[in-house]
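Peer 1: One structure, pasted below without further comment.
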Amino acid sequence: MLSERLIEIYELLFERFGAQHWWPGETEFEIIVGAILTQNTNWDNVEKAIGNLKSANLLSPERLHNTKVLELAELIRPAGYFNIKAKRLKNFLDWLFDNYDGDLGELEAVDTEQLREELLSVKGIGRETADSILLYALNRGVFVVDAYTARVAFRHMLIEPDADYERLRELFESNLPEDVQLFNEYHALLVRVGKEFCKPKARCTGCPLEELPRTVDIEDF
DNA sequence: GACCAGGCACATC
DNA sequence: GATGTGCATGGT
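For the first sequence, this note's numbering gives the first residue as 3, with consecutive numbering after it.
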């Protein structure tokens, strides 16, 4: 029932928008950095910050680990919250070097659930950031929930409007086949439709999901 | 000038 | 557990 509905929604979105080619980023590490920098921030601003890191030739765990936090903050200034995000990047790198010799390849041997717990223990990495890293950088079968996901889900997916993060994650993970590529594309498509049509407190004229039954009134989300 | 954007930690009740 | 606040830039 729910799984058929989730697949129907996925197909409607894919037919309209096609492949989204997520995550934008050339390397595993660039994806991780982007996941932290994009917290509550427009992606265009994140790209400027990542561009600065690339220009400074600092986009590697080793080199970023050896960069002073103040210098790092200045480089990522366009991404906003630059002081706190510089510290968050440092926290991640400290964890990586303390536990895995600074080698992202060593993470491959770690069980997904354990890795999620460890990432969540890093100060500045919350559930969405951890899950984005797991899915988009490390190719683990974890569904990423964000503000767009929640809004679309509450409007169309027959889930209680007060469902929390874990409940939303469970909705997708327990009603879809565990498929990294499907999770990758589905989340990206939810962001796409959320940006273009399923906006806060706006009727979504022309939205590919327009005719589907709703859980709640549009005005509430 | 107001509002928003691919959150999170922390304080407080 | 739920709710409120600080963190900050750049586009509309």
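Ideal placement from N, C-alpha and C gives every residue a C-beta, glycine not left out. None of these values were measured; they are calculated from a predicted model.
Near R171, which residues of its chain fall below 6 Å by C-beta distance, leaving aside the five closest residues on each side in sequence?
Peer 2: As a first step, residue 171 is located in the first sequence; it is residue number 169 there, counting from the start. For R171, where only same-chain residues beyond five positions count, the Cβ hits under 6 Å are F145 and V147.
Peer 1: Are the stretch 84-91 and the stretch 38-47 in contact at 8 Å, needing three or more beta carbon pairs?
Peer 2: Between the stretch 84-91 and the stretch 38-47 there are three or more C-beta pairs closer than 8 Å, enough to call the two in contact.
Peer 1: Start and end of the alpha helix (DSSP H) containing H158?
Peer 2: Within the first sequence, the letter at position 156 stands for residue 158. Segment A149 to H158, the alpha helix (DSSP H) holding H158.
Peer 1: Our contact map puts L184 next to L178 with C-beta atoms below 8 Å; I'd like the distance itself, whole angstroms only.
Peer 2: Taking the first sequence and counting its residues from 1, one reaches residue 184 at position 182. Taking the first sequence and counting its residues from 1, one reaches residue 178 at position 176. Taking C-beta atoms under 8 Å as the contact rule, L184 and L178 qualify, at a distance of about 6 Å.
Peer 1: Under 7 Å, do L15 and P163 count as touching if we go by C-beta distance?
Peer 2: Here residue 15 refers to the residue found at position 13 when the first sequence is read from its first residue. Here residue 163 refers to the residue found at position 161 when the first sequence is read from its first residue. Taking a C-beta distance under 7 Å as the contact criterion, L15 and P163 do not qualify as a contact pair.
Peer 1: In the structure shown, what three-state DSSP assignment does G196 receive?
Peer 2: Here residue 196 refers to the residue found at position 194 when the first sequence is read from its first residue. Helix at G196.
Peer 1: Do E208 and V154 have their C-beta atoms closer together than 7 Å?
Peer 2: Your numbering for residue 208 matches position 206 in the first sequence. Your numbering for residue 154 matches position 152 in the first sequence. Inspection of the sequence shows that residue 208 is occupied by Gly rather than by Glu. Their beta carbons are not under 7 Å apart, which means G208 does not touch V154 by this criterion.
Peer 1: Figure out for me which residue from M3, N54, H189 and P63 has the closest Cα to the Cα of A152.
Peer 2: Taking the first residue of the first sequence as position 1, residue 152 is located at position 150. Taking only the C-alpha atoms, the option nearest A152 is H189.
Peer 1: Runs of 4 residues minimum, wholly inside the stretch 43-76: which ones carry the alpha helix (DSSP H) assignment?
Peer 2: 45-57 and 63-67
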